[in-house]
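If you want the numbering used here, it's the 1-based position in the sequence shown plus 676. Just below is one structure, and these are the notes that go with it.
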Amino acid sequence: SSDLSEKPVSDWIQKTLAGKPRIWGQVILSYPASHIKPAFESGNNPRLDPYAGLDLVKNKLKKLGFIGMLPVTPLYIDKKTKLIVYELIDGDRRYLSWKQLGGTTFDIIVFEGSEREIAPFRMAFNMDSEIPDADQAIYIYNTLIQRYGYTHEQIAQI
Numbered sequence: 677s678s679d680l681s682e683k684p685v686s687d688w689i690q691k692t693l694a695g696k697p698r699i700w701g702q703v704i705l706s707y708p709a710s711h712i713k714p715a716f717e718s719g720n721n722p723r724l725d726p727y728a729g730l731d732l733v734k735n736k737l738k739k740l741g742f743i744g745m746l747p748v749t750p751l752y753i754d755k756k757t758k759l760i761v762y763e764l765i766d767g768d769r770r771y772l773s774w775k776q777l778g779g780t781t782f783d784i785i786v787f788e789g790s791e792r793e794i795a796p797f798r799m800a801f802n803m804d805s806e807i808p809d810a811d812q813a814i815y816i817y818n819t820l821i822q823r824y825g826y827t828h829e830q831i832a833q834i
């Protein structure tokens with residue numbers, strides 16, 4: 677879209693997020709859903725099917741009544757709103773489910789880094805959040821090796 681900027685957001689982040697609360701060096705915000713993008717839209721979600729089990733996730737969220745923190749990474753600045761647009765590192769299904777339940781804001785933890793630096797977080801969150809089937813595990817490892825150039829030794833340290 678013509679009203680979105682593709683420029684790096686590091687300076688903007690430092691200025692915009694100055695003085696905000698931090699946990700473990702990462703910024704926590706209550707952020708509008710309109711400025712959070714699920715990772716599957718850009719092909720960065722290591723899950724083979726981000727919609728698998730969505731009803732189950734939605735039912736769990738209904739019982740809990742909250743979604744929890746979502747880890748994100750900055751993408752670009754929306755020129756119209758002057759807000760940073762973030763991409764989810766993990767939690768696409770929780771995000772989609774919460775939005776379907778009427779959620780309009782999310783608490784997020786911002787991780788900054790290149791996609792190569794963020795990729796192991798994506799993979800680790802997805803491997804840790806559930807017991808993956810063999811196809812899912814193979815897909816995650818192959819993504820780290822083929823797309824981001826990680827060695828088996830580096831993956832073992834994640």
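The beta carbon of each residue, even a glycine, is placed where N, CA and C say it ideally should be. Since the structure is predicted, the reported quantities are computational estimates derived from the model, not experimental observations.
Query: Quick one: complete beta strand (DSSP E) runs, 3+ long, within the segment 716-771?; Result: 746-754 and 759-764
Query: From what residue to what residue does the alpha helix (DSSP H) around I784 run?; Result: It is not in any alpha helix (DSSP H) - I784 instead sits in the beta strand (DSSP E) that spans T781 to V786.
Query: Please list, in chain order, all residues of the same chain as D768 whose beta carbon is under 8 angstroms from its beta carbon, the five residues on each side excluded.; Result: P714, A715, F716, N721, R723 and P726
Query: In the DSSP assignment, what are the bridge partners of Y707?; Result: F782
Query: Measure from the alpha carbon of L764 to the alpha carbon of each residue in K756, F787, G778 and Q776, then state which is nearest.; Result: F787
Query: Out of Y752, L746 and T819, which has the shortest C-alpha to C-alpha gap to R792?; Result: T819
Query: Buried or exposed for A832, going by 16 or more other Cβ atoms inside 10 Å?; Result: exposed
Query: Using C-beta distances below 7 angstroms, list every residue in its chain close to Q822, excluding the 5 sequence neighbours before and after it, in chain order.; Result: none
Query: Between the alpha carbons of F742 and L777, how many angstroms are there, rounded?; Result: 11 angstroms
Query: For V748, tell me which candidate among H828, P708 and L732 has the shortest Cα-Cα distance.; Result: P708
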